[in-house]
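Q: Numbering (my numbering), first residue to last: -17 to 111.
In this text, a Cβ means the ideal position worked out from N, Cα and C, and glycines have one as well.
Encoded as structure tokens, here's the structure I'll be asking about.
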Ligand SMILES: [Zn+2]
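Below, the structure written as structure tokens:
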């Protein structure tokens, strides 16, 4: 009779994906932080999502991951097997239901390739004999 409930090391229970907070601060870098809902949490960042934008402007999802302190904490509580299973589902749910990808797309600033064509060696080097 083990309690199959995910908990942050700070004590906050996270029943499902909707409890997480997302931080879009690094979105121009293609990264979204997954935060603990407890504002006094000493960990705060529990995981992250990484993505890119392809040439047609669509989200190209890269990777989602929870950090070790969070997953390890739960593995010792409810076994690693359950933790991996539940957290994997959390990541899927976050990606599919929690992230507002349309909003993310709009805010995404692709790195502009500034083509500064500096005239290379325009001035001929004088060859002294
Ligand atoms: Zn926490």
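What does the Cβ neighbour count give for residue 16, buried or exposed, with the cut at 16 atoms within 10 Å?
A: Looking up residue 16 in the chain shown gives position 34. Answer is buried; the Cβ neighbour count reaches 16.
Q: Please enumerate, following chain order, all residues with a beta carbon closer than 5 Å to at least one heavy atom belonging to ligand 1.
A: -10, -8, -6, 18, 20, 23
Q: Considering residue 62, what are the terminal residues of the alpha helix (DSSP H) in which it resides?
A: As a working mapping, residue 62 is identified with position 80 in the chain shown. Run containing residue 62: 62 to 75, per the alpha helix (DSSP H) assignment.
Q: For the alpha helix (DSSP H) containing residue 88, name the first residue and the last one.
A: Your numbering for residue 88 matches position 106 in the chain shown. Its alpha helix (DSSP H) spans residues 83 to 89.
Q: Tell me which same chain residues have a C-beta within less than 7 Å of the C-beta of residue 32, skipping the five on either side of it?
A: Indexing the chain shown from 1 puts residue 32 at position 50. 12, 13, 44, 45, listed in sequence order.
Q: Kindly indicate which residue of 53, 36, 6, 71 has the alpha-carbon position closest to the one of residue 25.
A: Residue mapping note: residue 25 aligns to position 43 of the chain shown, counting from 1. It is 53 whose Cα lies nearest to the Cα of residue 25.
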